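First up is the structure itself, then whatever we jot down about it.
Residue numbers (full-length UniProt numbering): 1 to 60.
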């Protein structure tokens, strides 16, 4: 399955880098006008996406 494929591992590593760089950069520096203070990037497994999406809305 795709969960542990090399492609998925690569995409997770790219998103890990994006998250690290996002912590070091302000939204203004990126030219973004967002209400959210924190931005995160995730690769979500196929069987998890619905639960994770619902969790995002419940956390607000």
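Ideal placement from N, C-alpha and C gives every residue a C-beta, glycine not left out. Keep in mind the model is a prediction, meaning the values are calculated, not measured.
Under the three-state reduction of DSSP, residue 4 is assigned to helix. For residue 57, the enclosing alpha helix (DSSP H) begins and ends at 49 to 58. CA-CA distance, residue 26 to residue 19, rounds to 12 Å.
Secondary structure of residue 46 (DSSP, three-state): coil. In the DSSP assignment, residue 28 falls within the unbroken alpha helix (DSSP H) covering 27 to 30.
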